[in-house]
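Undergrad: I have a structure here, written as structure tokens, and I will follow up with some questions on it.
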Amino acid sequence: MPRPPSSATLNELKAAAGTGSWFDTPEDMAPYLVDFRRLYRGATPLVLLPRTVDEVSRILAICHREEVAVVPCGGNTGYCGAATPDGSGTQIVLSMRRLNRVRLLDAPNYSMMIETGSTLAEAQAAARAADRLFPLSLGSEGTAQIGGNLSTNAGGTAVLRYGMMRDLVLGLEVVLADGRVMSGLKSLRKDNTGYDVKSLFIGAEGTLGVITAASLKLFPLPAATATALVGLDSPHAALGLLGRLRTAAGEQVSTFELMPRNAVELTVKHVAGVANPLSQGTGWYVLLELTSPNPKQDLATVLTDELQRAAADGMVRDAMIAASIAQSQAMWKLRESVPEAQRHHGASLKHDVSVPVSSVPRLIEEGAALVRRFAPEGEVLSYGHLGDGNLHFNVSQRPGSDTQVFLSRGKPLEKAIFDLVEDLGGSISAEHGIGRLKAEEFASRADPVELALMRDLKRALDPKGIMNPGKVLS
Ligand code: 2HG
Ligand code: ZN
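For what it's worth, my numbering labels the leading residue of the sequence shown as 98, then goes sequentially.
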């Protein structure tokens, strides 16, 4: 069991981080004590901001020796409270934001070694400067850090084509709980030397060690793009369109995002500068994008043909293909502003879940019936990454209803939604992780053998239980 740090230990930790690399005043520490969704508030005696791997290693060696708990923190954009300390005031916060250099960009190898305090946008920009694409893409990319993306195995809007963060990793450098450094920064596509140890730290949310640098896969930069906003009658029709596009354009289909009419309407209402370019007021919308590295590829024609065929078959009601970069950006803004619009609209209950792509329409339909039964003060706002089966099955408070009553429906509704997701062969956390928010549900639903293995791994890698206690494994 971790214990409170003595003042001598706190001084030793400050010395290990170096001059100017720590905060201990309430004003400086405040941003580290609350999570992005304001679900959790914590306390800490010290925030450390190391600049080098050696400093991280020294800090963890001290914490291990003294049995002091450590909470690693990236951009603090997570949805599950994984980067917030508990209320005990005994856990040290380790901010990674100053560890943010690009160590090597190997364009012919299509890879990049980057420190994990870099933001996702910085990683994308470094790749772009070398005429390469780092494809992970999500709304919070200007703030979210590579370390958090790795630790939550982030997803976003390009998973259909490029996979999740885990799929984009070639190697990792990790400081273990006792301060030892695992130097696994290889940049190889083929490497069959024993167990895939690096994979353990991806999605571990800082409970096994601290990832300090990563070797990431890069791809050719798109030189042709076709973006469209499509209006349809149902998620079922959207699924049909996805199948047709994949047949016609294969892996050029890089984004396929589903939004219901109320999400589009709320976003136009609440977020400045957002408009709906379609006029027919359909029940559902899809934002889709095709990309190719070949500038001669006429993707707009491929897309027009397919949309026309789909319209003739009654699958598509309305559509607009962006005729300029500005129009494409406006379509993206509509989709990416949905979470912000939902925040403005009032209280919400969120369920980041996944099911096989083919089961998404059933999830939406049967989930809506559960909301009517368990949370009548709520209205469903289910949108997300249809292309990969990840739906944000969110519920917003109806205007005029009582917030406390609505929020009190959260637990029973979540249980019912998670039961449905399990029945459909899905996952209770698709891309946001477990953190503190879902630790209990995860423990009660995970396969017992798999959970026991996870606990064994935790004990083996962090025998004193100092790494982000209470997160992932309750
Ligand atoms: C998205 O896809 C994000 O926009 C946030 O994952 C989802 O706010 C949400 O529920
Ligand atoms: Zn998402």
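Glycine included, C-beta positions come from ideal geometry on N, C-alpha and C.
Secondary structure at residue 353, three-state DSSP: helix, strand or coil?
TA: Translated into the one-based positions of the sequence shown, residue 353 becomes position 256. Of the three classes helix, strand and coil, the one that applies to residue 353 here is strand, per DSSP.
Undergrad: Please determine whether the Cβ atom of residue 578 lies at a distance below 8 Å from any heavy atom of ligand 1.
TA: Absent from the structure is residue 578, since the part of the chain shown begins at 98 and ends at 571.
Undergrad: Name the DSSP bridge partner or partners of residue 119?
TA: Taking the sequence shown and counting its residues from 1, one reaches residue 119 at position 22. Bridge partners of residue 119: 145.
Undergrad: For residue 512, which three-state DSSP category applies?
TA: In the sequence shown, the residue the question calls residue 512 occupies position 415. Helix, per DSSP.
Undergrad: Which residue from 134, 194, 163 and 234 puts its Cα closest to that of residue 564?
TA: Here residue 564 refers to the residue found at position 467 when the sequence shown is read from its first residue. Checking every option, the nearest Cα to that of residue 564 belongs to 163.
Undergrad: Alpha carbon to alpha carbon, what distance is there between residue 447 and residue 435?
TA: Within the sequence shown, numbered from 1, the residue matching residue 435 stands at position 338. Within the sequence shown, numbered from 1, the residue matching residue 447 stands at position 350. Straight-line Cα distance between these residues: approximately 13 Å.
Undergrad: Could you check which residue in 301, 147, 156 and 268 has the C-alpha nearest to that of residue 180?
TA: Stepping through the sequence shown from its first residue, residue 180 is reached at position 83. Checking every option, the nearest Cα to that of residue 180 belongs to 301.
Undergrad: Tell me which residue opens and which closes the beta strand (DSSP E) that residue 322 is part of.
TA: Translated into the one-based positions of the sequence shown, residue 322 becomes position 225. Looking at the DSSP string, the run of the beta strand (DSSP E) that includes residue 322 is 321-329.
Undergrad: Along the beta strand (DSSP E) that carries residue 311, what are the first and last residues, could you check?
TA: Taking the first residue of the sequence shown as position 1, residue 311 is located at position 214. 306-314 is the span of the beta strand (DSSP E), which, as asked, contains residue 311.
Undergrad: Tell me whether residue 441, by its Cβ, gets closer than 8 Å to a heavy atom of ligand 1.
TA: As a working mapping, residue 441 is identified with position 344 in the sequence shown. No - ligand 1 has no heavy atom lying nearer than 8 Å to the Cβ of residue 441.
Undergrad: By a C-beta neighbour count over all protein chains shown, 10 Å radius and 16 as the cutoff for buried, is residue 418 buried or exposed?
TA: Indexing the sequence shown from 1 puts residue 418 at position 321. The residue in question, residue 418, is buried, as its Cβ has 16 or more Cβ neighbours within 10 Å.
Undergrad: Go to residue 292, then tell me how far its beta strand (DSSP E) extends in each direction, as first and last residue.
TA: Translated into positions along the sequence shown, residue 292 becomes position 195. No beta strand (DSSP E) holds residue 292; DSSP gives it neither H nor E.
Undergrad: Bridge partners of residue 270, per DSSP?
TA: Within the sequence shown, numbered from 1, the residue matching residue 270 stands at position 173. Per DSSP, 280 and 310.
Undergrad: Is DSSP giving residue 468 helix, strand or coil here?
TA: Along the sequence shown, one-based indexing puts residue 468 at 371. Three-state DSSP puts residue 468 in a helix.
Undergrad: With a threshold of 8 Å, establish whether the CB of residue 484 neighbours any heavy atom of ligand 2.
TA: Counting from one through the sequence shown, the residue named residue 484 turns up at place 387. It does not: the Cβ of residue 484 is nowhere closer than 8 Å to a heavy atom of ligand 2.
Undergrad: Does ligand 2 have even one heavy atom less than 8 Å from the beta-carbon of residue 329?
TA: On the sequence shown, residue 329 is found 232 positions in, with the first residue counted as 1. No, the beta carbon of residue 329 sits no closer than 8 Å to any heavy atom of ligand 2.
Undergrad: Would you say the beta carbon of residue 430 is closer than 8 Å to some non-hydrogen atom of ligand 1?
TA: If you number the sequence shown from 1, residue 430 lands on position 333. No, the beta carbon of residue 430 sits no closer than 8 Å to any heavy atom of ligand 1.
Undergrad: Are the CB atoms of residue 321 and residue 394 within a distance shorter than 9 Å?
TA: Counted from its first residue, the sequence shown places residue 394 at position 297. Counted from its first residue, the sequence shown places residue 321 at position 224. It is a contact, given that the beta carbons lie within the stated cut-off.
Undergrad: Unbroken alpha helix (DSSP H) runs of length 4 or more, entirely within the stretch 125-182: which are they?
TA: Within the stretch 125-182, the complete alpha helix (DSSP H) runs of at least 4 residues are 150-163.
Undergrad: Looking at the secondary structure, which residues open and close the alpha helix (DSSP H) in which residue 286 lies?
TA: In the sequence shown, counting from the first residue as 1, residue 286 sits at position 189. Careful: residue 286 lies outside any alpha helix (DSSP H) and carries neither H nor E.
Undergrad: Is the distance from the Cβ of residue 250 to the Cβ of residue 258 below 9 Å?
TA: Along the sequence shown, one-based indexing puts residue 250 at 153. Along the sequence shown, one-based indexing puts residue 258 at 161. Not closer than 9 Å, so no.
Undergrad: Given this structure, state the Cα-to-Cα distance separating residue 244 from residue 410, to the nearest angstrom.
TA: Your numbering for residue 244 matches position 147 in the sequence shown. Your numbering for residue 410 matches position 313 in the sequence shown. Near 46 Å, if we compare the C-alpha coordinates of residue 410 and residue 244.
Undergrad: In the DSSP output, which residue or residues are listed as bridge partners for residue 344?
TA: Your numbering for residue 344 matches position 247 in the sequence shown. The partner list for residue 344 (beta bridge, DSSP) is empty, contrary to what the question assumes.
Undergrad: Run through DSSP, which three-state label would residue 416 get?
TA: Residue numbering aside, residue 416 sits at position 319 when the sequence shown is read from its first letter. Strand.
Undergrad: Considering only DSSP beta bridges, list what residue 439 is partnered with.
TA: Translated into positions along the sequence shown, residue 439 becomes position 342. DSSP output for residue 439 lists no bridge partner at all.
Undergrad: Considering only C-alpha positions, which residue in the set 468, 157 and 499 is nearest to residue 491?
TA: Position 394 of the sequence shown, counted from the start, is the residue given in the question as residue 491. Cα-wise, what sits closest to residue 491 is 468.
Undergrad: Answer yes or no: the CB of residue 487 versus the heavy atoms of ligand 2, is any distance below 8 Å?
TA: Within the sequence shown, the letter at position 390 stands for residue 487. Yes, Cβ of residue 487 sits closer than 8 Å to a heavy atom of ligand 2.
Undergrad: Residue 118 and residue 99 - do their beta-carbons sit closer together than 9 Å?
TA: Walking along the sequence shown from the start, residue 99 turns up at place 2. Walking along the sequence shown from the start, residue 118 turns up at place 21. Taking 9 Å as the Cβ cut-off, residue 99 and residue 118 do not qualify as a contacting pair.
Undergrad: Within a Cβ cutoff of 8 Å, which residues of the same chain sit near residue 499, ignoring the five residues on either side of it in sequence?
TA: Taking the sequence shown and counting its residues from 1, one reaches residue 499 at position 402. Here the set comprises 474.
Undergrad: Do residue 357 and residue 450 count as a contact pair if the criterion is CB distance below 9 Å?
TA: As a working mapping, residue 450 is identified with position 353 in the sequence shown. As a working mapping, residue 357 is identified with position 260 in the sequence shown. Their beta carbons are not under 9 Å apart, which means residue 450 does not touch residue 357 by this criterion.
Undergrad: Got a sec? Which residues, its chain only, sit under 6 Å from residue 207 by beta carbon, not counting five neighbours each side?
TA: Here residue 207 is taken as the residue at index 110 of the sequence shown, counted from 1. These residues qualify, in order along the chain: 315.
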